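Asker: Just so we're aligned: the sequence shown equals residues 1 to 248 in UniProt numbering.
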Amino acid sequence: MVAPAETTMNIAVDVPVAPLKEISYRIASTQYERKAAFNLVYEAYVETGLIEPNEFEMRVTPYHLLPTTNVFIAVYQEEVIGTVSLIGDGELGLPMDCIYDREVNGLRDRGYSLGEVSCLAHRRQQVKQTLPLFVQMTRLMAQHSRQNGMDQFLIAVHPRHAQFYMRFMGFEQIGSQKSFPSVRNNPAVACALNFPRIDVERPACYSQFFGTAIPREDLLSTPMNTLEVEEFADAALEGGLTIPSLMC
């Protein structure tokens, strides 16, 4: 789930303000970067009551251990200050299958390649910086996804944030309000962003996400290696989900 039902714009942790022009954006490619991102999400989710504290001080899901998941980060002075994960539909399906299986299976049956946006968090900054940070991380995520043949983004988002995603980004609601177990039963609604549709309709965000192409080399991802999977496996079990059998 993306903030309260795991994607919120106001989930944050206090740090000094980072000038926008000095923030860089990339796909996490090292254990250090991933651990920093998982810790940032953990701190944000604990602070807002979405999850209970754990001994690992990380928010890691079994989906993060799969090569179909990528973690996108915003970095200032080598510190991860923003992150969002994209979970590609694969061995475990998608997190929102647990409450929106009918809706997600309907899209699968129509042949769509799907990805669920999850684990969005940023460090507390001036309000005016929140949206640009989110836009730049999403721009990287969207262009990476399209280069790899993805057709739709899915989110399970708190109802109070759903209107932002629909009005600004062009998401459509595909599922009614339900309780999301993995974030202490906070309410969520399911929404989908259909890339072929927004190519025609051009929502408010379109030019910001796709107007300028990101170099292809910056869209390449590096899956976790075996040692990283082992490092994060215990933290991923914290959520009570089954970890898949992973190939070395």
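We put the beta carbon where it would ideally sit given N, CA and C, even for glycine. Note that the structure is a prediction, hence the values are computed from the model and not measured.
Is Ser113 helix, strand or coil by DSSP?
Answerer: Here residue 113 refers to the residue found at position 113 of the sequence shown. Coil.
Asker: What are the boundary residues of the alpha helix (DSSP H) that Val46 is part of?
Answerer: Start at 1 with the first residue of the sequence shown, and residue 46 comes out as number 46. Its alpha helix (DSSP H) spans residues 31-47.
Asker: Tell me the residue span of the alpha helix (DSSP H) that contains Ser221.
Answerer: Along the sequence shown, one-based indexing puts residue 221 at 221. DSSP places Ser221 outside any alpha helix (DSSP H), giving it a letter other than H or E.
Asker: Assign Asn70 to one of two classes, buried (16 or more other C-beta atoms within 10 Å of its C-beta) or exposed (fewer than that).
Answerer: Locating residue 70 in the sequence shown gives position 70, where the first residue counts as 1. Buried, since its Cβ has 16 or more Cβ neighbours within 10 Å.
Asker: Who are the near neighbours of Ser221 in its chain, counting only those whose CB is closer than 8 Å to its CB and skipping five residues on each side?
Answerer: For the purposes of this step, residue 221 is taken as the residue at position 221 of the sequence shown. If the five residues before and after Ser221 are omitted, its C-beta is found closer than 8 Å to the C-beta atoms of Ile27, Ser29, Asn70, His144, all from its own chain and listed in chain order.
Asker: Tell me the rounded alpha-carbon separation between Met224 and Pro159.
Answerer: Residue numbering aside, residue 224 sits at position 224 when the sequence shown is read from its first letter. Residue numbering aside, residue 159 sits at position 159 when the sequence shown is read from its first letter. If you take the alpha carbons of Met224 and Pro159, they lie about 33 Å apart.
Asker: Is it the case that the Cβ atoms of Ile155 and Val104 are separated by a distance below 9 Å?
Answerer: In the sequence shown, counting from the first residue as 1, residue 155 sits at position 155. In the sequence shown, counting from the first residue as 1, residue 104 sits at position 104. No, they are not a contact pair.
Asker: Give the secondary structure of Ile99 by DSSP, where H, G and I count as helix, E and B as strand, and everything else as coil.
Answerer: Position 99 of the sequence shown, counting from 1, holds the residue named residue 99. DSSP places Ile99 in helix when its eight states are reduced to three.
Asker: Return the chain-ordered ranges of every beta strand (DSSP E) run that is complete within the stretch 105-173 and spans a minimum of 3 residues.
Answerer: Runs of the beta strand (DSSP E) inside the stretch 105-173: 114-124, 152-157.
Asker: Hey, Ala235 and Phe56: beta-carbon distance below 9 Å or not?
Answerer: Translated into positions along the sequence shown, residue 235 becomes position 235. Translated into positions along the sequence shown, residue 56 becomes position 56. The criterion of a C-beta distance shorter than 9 Å is satisfied by Ala235 and Phe56.
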